[in-house]
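Notes to accompany the following structure.
Numbering (the working numbering), first residue to last: 24 to 135.
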């Protein structure tokens, strides 16, 4: 009985931890945008130019390159954060597996 209780407690605890870890990732923009600057680092002009260039590239190649600027990864390794955000957002076309994420964690001074 104690083993069963500990097992159930462990499963619930692991589930709650995974939910709290996912809360650190911004939601995917709807509709999809190629540039998401959560730090207002880019000027409006630079943001628009980059968005336009990435849309053009995506149209020509069918690849999606997303640029995301976040303040911090909250201590998570920048590569892990990037992979998790990439998967959460579903960047790229599933059949072609052709998505790319460029992540900038501004306050952490990290790029992936």
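Each residue gets a CB set at the ideal place from its N, CA and C atoms; glycine is no exception. Note that this is a predicted model, so its numbers are computed, not measured.
Which residues DSSP lists as bridging residue i, in chain order
i           : result
residue 101 : According to DSSP, which records beta bridges pairwise, residue 101 is partnered with nothing at all.
residue 125 : 90
residue 60  : 92
residue 134 : 127
Host alpha helix (DSSP H) of residue i (start-end)
i          : result
residue 73 : 67–84
Cβ-based neighbour list, residue i, same chain, cut-off 6 Å, excluding 5 preceding and 5 following
i           : result
residue 104 : 96
residue 109 : 124
7 Å CB neighbourhood of residue i in its chain, flanking five on each side removed
i          : result
residue 17 : Given that the chain is displayed from residue 24 to residue 135, the structure contains no residue 17 and the question cannot be resolved.
Residue i: CB within 8 Å of a non-hydrogen atom of the ligand MN
i          : result
residue 88 : Only the bare structure without any ligand can be found here, which leaves the ligand MN out of the picture.
Exposure label - residue i; buried when at least 16 CB within 10 Å
i           : result
residue 57  : buried
residue 132 : exposed
residue 128 : buried
Nearest candidate by alpha-carbon position, reference residue i, set the options
i           : options              : result
residue 126 : 80, 93, 86 and 115   : 93
residue 78  : 122, 98, 111 and 129 : 122
residue 52  : 83, 111, 117 and 120 : 111
residue 114 : 130, 88 and 129      : 88
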